[in-house]
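Q: Handing you this structure, nothing more for now.
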Amino acid sequence: MAPKQIKYKCCKNCKHIYKDKNQCPLCKSSQSSNIWRGEIFVFDQTKSQIASKLGYNDNGRFALKVK
34 MAPKQIKYKC
44 CKNCKHIYKD
54 KNQCPLCKSS
64 QSSNIWRGEI
74 FVFDQTKSQI
84 ASKLGYNDNG
94 RFALKVK
């Protein structure tokens with residue numbers, strides 16, 4: 034038996050990548066996509082210059098572009 038693959042979604046509103054759920058855990062939006070390009074992992078948004086330039090205000094896994 035093959036192991037179950039975890040499916041991820043990307044929020045179209047805040048670009049947060051999360052496990053297959055009905056809504057985004059950060060912004061509570063239900064608009065999501067299975068297609069995105071590029072990823073950035075933010076570990077400490079207060080010290081990250083890239084996160085501040087891209088507008089990511091939380092820690093986590095984010096997409097650079099969402100379709």
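The opening position of the sequence shown corresponds to residue 34 in this note's numbering, with each subsequent residue numbered one higher.
All residues carry an ideal CB built from backbone N, CA and C; glycine is no exception.
#1: Taking just the CA atoms, how far does A84 sit from A96?
#2: Out of curiosity, what's the CA-to-CA distance linking P36 and W69?
#3: So, for K52: in the same chain, excluding its five sequence neighbours on each side, which residues have a beta-carbon less than 7 Å away from its beta-carbon?
#4: Identify the continuous alpha helix (DSSP H) that holds L87 and give its terminal residues.
A: Concretely, from the data shown:
#1: A96 and A84 have their C-alpha atoms roughly 11 Å apart.
#2: Near 24 Å, if we compare the C-alpha coordinates of W69 and P36.
#3: Non-local beta-carbon contacts of K52 in its own chain, meaning distances under 7 Å to residues more than five positions away in sequence, involve I39, Y41 in chain order.
#4: Per DSSP, L87 belongs to the alpha helix (DSSP H) from 82 to 87.
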